[in-house]
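Residue numbers (the working numbering), protein chains in the order written: chain A, 17 to 174; chain B, 17 to 520. C-beta atoms are modelled at their ideal positions from N, C-alpha and C, and glycine is treated no differently.
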């Protein structure tokens, strides 16, 4: 019987020690692609080139589509600042450039589920979602050899 | 005891209705789809029944060891039972067994149905630190089996207790309870999630439900007591602990709960009497040492440091004799934190590090070692900072930084950021210090320094809020004993500056 309560106590200790994760570290953002996409990793510089539409196709020739949450959402704001390095307003302008439609179109989704639906249905799409929402319908790409939860991962939210 | 009889009958029914269950187990996938639960595939009726009993004990009753025994029986009955191996590997606290069983689960994974394979991957990935793989498998299974209560509860517990993703865990539990409002394991977990995620006011109502669901079991009352103690309602906590003891006088966890509640109430003499009963009531050596540490702390709470140190030295000798390395290190860390002399405190911490570096100790798990070492180094930085020993603080911070660069452990990361914040505070970079200390929001010592940094930065309102958070913490930790009372005092005197004292 005592083990029963002991388990509760362990639970408490775990949470007291570990619950910092949700409060302090926020969430990590995952870069996801279609599972058929051979890409497994890329550098932050390469990712920035996609965001800036300087890289427009994957190595296999497929056109790239960028899928993000609404431009004013806190997650997208954080991602733009981390990936592109400038201020949010500057980077939003990069995404809204009309010429992108013929290079790397940007699709804004209303939810992470929608991001995953679009990426899962488009072999050339690349998206950004909260890592806690990933499913088997997408593939997570490492950035600078690190994936979410790795120490030093660049897209660790606060 | 009505509830115990109910569970005894459940065991008999499950173990004697083997043929039916076994047949279902062999044709697992179709049956699972019909019932909305993840399939279980084994060729052995006995294995299927033992696996089910393992879940009953471990997940429904929260009887950890009994559950493990059933999982062991399951894989003994069917050595190629992939999910059985995975479950045993997932639930065991023995790292050797976890590694071995995880490998066997993978070896026989082709025997399992596709969805079981996902569950096996989730179990193995959570143990191996492959969190991204685990989340992906978890979300696929939660979407496909939204009414599988045990699975949902297990996933939610992992989210809350292991990942600190309380809101996500709560969402899963709320959804489960919408389907079955009487599923008490989820009620219990949800209460703990709420209590620790800033929605404590929602926990007692859930505890009422938990107690009502199992009126003859002591654990719901014990959990209720623990929740009320966390909320700072000590009379209610005592009442529920006493109710648990009335149901089962040998329910030792509640005995310790009574003792700790008295300690938090400031009645240290009564606390010691109750701790002695709890110490005598357990045969587990590590549990005894844990209670002895709490017993020694009562002298610090009473401001009798000499007596406290004497007690800690006695416990240290016992922990050393028992080969309980982490506890030895924890004892030295406690002695350091309560030591008013910085140089002497740093020596205590040297001893704590020596405890952990004793490679002759075979019972030391790498994760436990790293987490305790990170806390020791963090304490060392805090003590050095408080004594304005810049060089010592920076040298120790470097060690923590090296750990944080290679460890995914949240406690290691939190300790590093907090220690970095302490050094930034010493350097006068208060904004930087605040940002770093905020990464360790449940550590009373970090909160204390954060309030100090906010005050220095002119953030008076934020400093007060931090102090209020600190003052509201009500648990047995030594850091709480050090930092929470001065914060309460400061608030009482309507001071916006953080209280002095704390680590060294």
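Could you list the residues in the stretch 134 to 153 of chain A with a C-beta less than 9 angstroms from some C-beta on chain B, going in chain order? Those would be 147, 148, 149, 150, 151, 152 and 153, in chain order.
Report buried or exposed for residue 447/B, applying the criterion of at least 16 other Cβ atoms within 10 angstroms of its Cβ. Sequence index remark: in the second chain, residue 447/B carries index 431 (1-based). It is exposed - the Cβ of residue 447/B has fewer than 16 other Cβ atoms within 10 Å.
With a threshold of 9 angstroms between beta carbons, is residue 152/B in contact with chain A? Here residue 152/B refers to the residue found at position 136 of the second chain. True, the Cβ-Cβ gap to chain A drops below 9 angstroms.
Contact set for residue 487/B: own chain, Cβ-Cβ below 7 angstroms, skip 5 residues either direction: Sequence index remark: in the second chain, residue 487/B carries index 471 (1-based). Only 500, 503, 504 and 507 meet the Cβ criterion.
Other residues of its chain near residue 336/B: CB distance less than 6 angstroms, five sequence neighbours each side excluded: As a working mapping, residue 336/B is identified with position 320 in the second chain. Result list for residue 336/B: 344, in chain order.
Determine the chain B residues that contact residue 164/A at a beta-carbon separation under 8 angstroms, and present them in chain order. Along the first chain, read from residue 1 onward, the residue named residue 164/A stands at position 148. Residues of chain B passing the Cβ test: 147 and 148.
What span of residues does the beta strand (DSSP E) with residue 406/B cover, start to end? One-based indexing of the second chain puts residue 406/B at position 390. Note, residue 406/B: premise wrong, no beta strand (DSSP E); alpha helix (DSSP H) at 406 to 422.
Could you give the residue range of the beta strand (DSSP E) that holds residue 72/A? Your numbering for residue 72/A matches position 56 in the first chain. Neither: residue 72/A is in no beta strand (DSSP E) and is coded neither H nor E.
Anything in chain A within Cβ reach of residue 423/B, meaning under 8 angstroms, just list it in chain order. Here residue 423/B is taken as the residue at index 407 of the second chain, counted from 1. Going along chain A in sequence order, the residues near residue 423/B (Cβ under 8 angstroms) are 167.
Does residue 105/B pass the burial test, meaning 16 or more other C-beta atoms within 10 Å, or should it be called exposed? Within the second chain, residue 105/B is the residue found at index 89, counting from 1. The residue is buried, with at least 16 neighbouring Cβ atoms inside 10 Å.
So residue 449/B packs on residue 467/B, CB below 8 angstroms; how close in whole Å? Counting from one through the second chain, the residue named residue 449/B turns up at place 433. Counting from one through the second chain, the residue named residue 467/B turns up at place 451. At roughly 11 angstroms, the Cβ-Cβ gap does not stay under 8 angstroms, so residue 449/B and residue 467/B are not in contact.
Would residue 403/B and residue 350/B qualify as a contact pair, given that the criterion is a beta-carbon distance under 9 angstroms? The residue given as residue 403/B occupies position 387 in the second chain. The residue given as residue 350/B occupies position 334 in the second chain. No. Outside cutoff.
Note down, in chain order, every chain B residue with its Cβ under 7 angstroms from the Cβ of residue 156/A. Here residue 156/A corresponds to residue number 140 of the first chain, with the count starting at 1. Under a criterion of Cβ atoms nearer than 7 angstroms, the residues of chain B adjacent to residue 156/A are, in order, 148.
Applying a beta-carbon distance threshold of less than 9 angstroms, which residues of chain A neighbour residue 207/B? Mapped onto the second chain, residue 207/B falls at position 191. By Cβ distance, chain A contributes nothing, its closest Cβ being about 10 angstroms from residue 207/B, past 9 angstroms.
Start-to-end residues for the beta strand (DSSP E) that takes in residue 45/A: Here residue 45/A refers to the residue found at position 29 of the first chain. Taken as a continuous stretch (DSSP letters only), the beta strand (DSSP E) holding residue 45/A covers 45 to 49.
Alpha carbon to alpha carbon, how far is residue 461/B from residue 40/A? Give it in angstroms, no decimals. If you number the first chain from 1, residue 40/A lands on position 24. If you number the second chain from 1, residue 461/B lands on position 445. Bear in mind that the predicted position of residue 40/A carries a pLDDT of just 34, short of 50, making it too unreliable to give a figure here.
Determine, using beta carbons only, whether residue 238/B and residue 270/B come nearer to each other than 9 angstroms. Numbered from 1 along the second chain, position 222 holds the residue referred to as residue 238/B. Numbered from 1 along the second chain, position 254 holds the residue referred to as residue 270/B. Going by C-beta atoms, residue 238/B is nearer than 9 angstroms to residue 270/B.
Can you check whether the CB of residue 246/B is closer than 9 angstroms to the CB of residue 211/B? The residue given as residue 211/B occupies position 195 in the second chain. The residue given as residue 246/B occupies position 230 in the second chain. Against a cut-off of 9 angstroms, the Cβ pair of residue 246/B and residue 211/B comes out as a contact.
Where in the stretch 216 to 279 of chain B do unbroken runs of the alpha helix (DSSP H), each at least 4 residues long, occur, reported from the N-terminal end onward? Within the stretch 216 to 279 of chain B, the complete alpha helix (DSSP H) runs of at least 4 residues are 219 to 229, 234 to 246 and 250 to 263.
For a cutoff of 9 angstroms on Cβ pairs, would you count residue 55/A as touching chain B? Start at 1 with the first residue of the first chain, and residue 55/A comes out as number 39. It does not; no Cβ of chain B falls within 9 angstroms.
Classify residue 323/B as buried or exposed, calling it buried when 16 or more other Cβ atoms lie within 10 Å of its own Cβ. In the second chain, counting from the first residue as 1, residue 323/B sits at position 307. Result: exposed.
Given this structure, state the Cα-to-Cα distance separating residue 99/A from residue 193/B, to the nearest angstrom. Taking the first chain and counting its residues from 1, the one referred to as residue 99/A is at position 83. Taking the second chain and counting its residues from 1, the one referred to as residue 193/B is at position 177. Between the alpha carbons of residue 99/A and residue 193/B lies a gap of roughly 40 angstroms.
Counted within 10 angstroms of its Cβ, other Cβ atoms place residue 38/A as buried (16 or more) or exposed: Position 22 of the first chain holds residue 38/A. Reliability fails at residue 38/A, whose pLDDT of 34 lies under 50, so the model's placement of it is uncertain and the value that follows must be treated cautiously. Counting Cβ neighbours within 10 Å, residue 38/A comes out buried, since at least 16 surround it.
Using 9 angstroms as the limit for Cβ to Cβ distance, is residue 385/B near chain A? Indexing the second chain from 1 puts residue 385/B at position 369. Chain A, which has no Cβ nearer than 9 angstroms to the Cβ of residue 385/B, makes this no.
Taking 9 angstroms as the CB-CB limit, is residue 125/A close to chain B? Residue mapping note: residue 125/A aligns to position 109 of the first chain, counting from 1. For residue 125/A, the answer is no, since every Cβ of chain B falls outside 9 angstroms of its Cβ.
Using 10 angstroms around the beta-carbon of residue 433/B, count the other beta-carbons present and answer buried if the total reaches 16, otherwise exposed. Position 417 of the second chain holds residue 433/B. Label assigned to residue 433/B: buried.
The stretch 178 to 189 of chain B: positions lying closer than 8 angstroms to chain A by Cβ: 178, 179, 180, 181, 182, 183 and 184
Do residue 444/B and residue 465/B come within 9 angstroms of each other at the CB atom, strictly closer than that value? In the second chain, residue 465/B corresponds to position 449, counting from 1. In the second chain, residue 444/B corresponds to position 428, counting from 1. In this structure, residue 444/B does not lie closer than 9 angstroms to residue 465/B by Cβ.
Find the residues of chain A that neighbour residue 420/B, judging by a C-beta separation of less than 8 angstroms, and give them in chain order. Residue numbering aside, residue 420/B sits at position 404 when the second chain is read from its first letter. Ordered by position in chain A, the residues that pass the 8 angstroms Cβ test against residue 420/B are 167.
Option in 353/B, 198/B, 285/B and 65/B with minimal Cα separation from residue 229/B: Stepping through the second chain from its first residue, residue 229/B is reached at position 213. It is 198/B whose Cα lies nearest to the Cα of residue 229/B.
Per DSSP, residue 81/A forms a beta bridge with which residues? Counted from its first residue, the first chain places residue 81/A at position 65. DSSP output for residue 81/A lists 141/A as bridge partner(s).
Which term fits residue 180/B, buried or exposed, when burial requires 16 or more other beta carbons within 10 angstroms of its beta carbon? Position 164 of the second chain, counting from 1, holds the residue named residue 180/B. Label assigned to residue 180/B: buried.
Alpha carbon to alpha carbon, how far is residue 399/B from residue 33/A? Give it in angstroms, no decimals. The residue labelled residue 33/A in the question sits at position 17 within the first chain. The residue labelled residue 399/B in the question sits at position 383 within the second chain. With a pLDDT of 40 at residue 33/A, under the threshold of 50, the modelled position of this residue cannot be trusted; read the value that follows with caution. Each residue's Cα considered, the two are about 20 angstroms apart.
Residues from the stretch 52 to 84 of chain B in contact with chain A, defined by Cβ distance under 8 angstroms: 77, 78, 79, 80, 81 and 82
Element boundaries [beta strand (DSSP E), containing residue 125/A]: By 1-based counting over the first chain, the position of residue 125/A is 109. Start and end: 122 to 125.
What number of angstroms, rounded off, separates the C-alpha of residue 83/A from the C-alpha of residue 47/A? Taking the first residue of the first chain as position 1, residue 83/A is located at position 67. Taking the first residue of the first chain as position 1, residue 47/A is located at position 31. The alpha-carbon atoms of residue 83/A and residue 47/A are separated by roughly 10 angstroms.
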